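Trainee: What follows is a structure written as structure tokens; I'll ask about it next.
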């Protein structure tokens, strides 16, 4: 049997702080599932961070957004039922 997978080759991205910018996924209703790079110091409390922000993924169309947001709401409802 054989298996295959695809791997996305990404170059490393650095913010003006000269720190590698982590790849983060947005789960907002406006940009569900859309990935972006942000300053590597953003979550590091007590340290100053730059406002670096760069989208990796293109803007999704309205149909994609509605489907993803609908699925996110279904997952939330299922999680509430489990409690």
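In the UniProt record's numbering, the protein residues as written are 1 to 83.
Even for Gly, the Cβ is constructed at its ideal location relative to N, Cα and C.
Keep in mind it's a predicted model, so treat the numbers as computed, not measured.
To the nearest angstrom, report how far apart residue 70 and residue 15 are at their CA atoms.
Mentor: When rounded, the distance between both Cα atoms is 33 Å.
Trainee: With DSSP as the reference, please indicate the residues paired to residue 20 in a beta bridge.
Mentor: Residue 20 pairs with 14.
Trainee: Does the region 48-62 touch the region 71-78, meaning 3 or more C-beta pairs lie closer than 8 Å?
Mentor: Not touching, per the Cβ criterion.
Trainee: Looking only at DSSP bridge pairs, what is residue 55 linked to?
Mentor: DSSP, once it has assigned bridges, lists 36 as partnering residue 55.
Trainee: Starting from residue 70, trace the alpha helix (DSSP H) in both directions and tell me its first and last residue.
Mentor: Element bounds for residue 70: 62-82.
Trainee: Would you grab the beta carbon distance between residue 54 and residue 13 for me? Rounded to a whole angstrom, and I think it's under 8 Å.
Mentor: Contact flag correct, Cβ pair sits at about 7 Å.
Trainee: Leaving out five residues before and five after residue 34 in sequence, what residues of the same chain have Cβ atoms less than 6 Å from its Cβ?
Mentor: If we look at residue 34 and ignore the five residues flanking it on each side, its Cβ neighbours are 26 and 57.
Trainee: Roughly how many angstroms separate the alpha carbons of residue 36 and residue 28, rounded to a whole number?
Mentor: Cα to Cα, residue 36 sits roughly 12 Å from residue 28.
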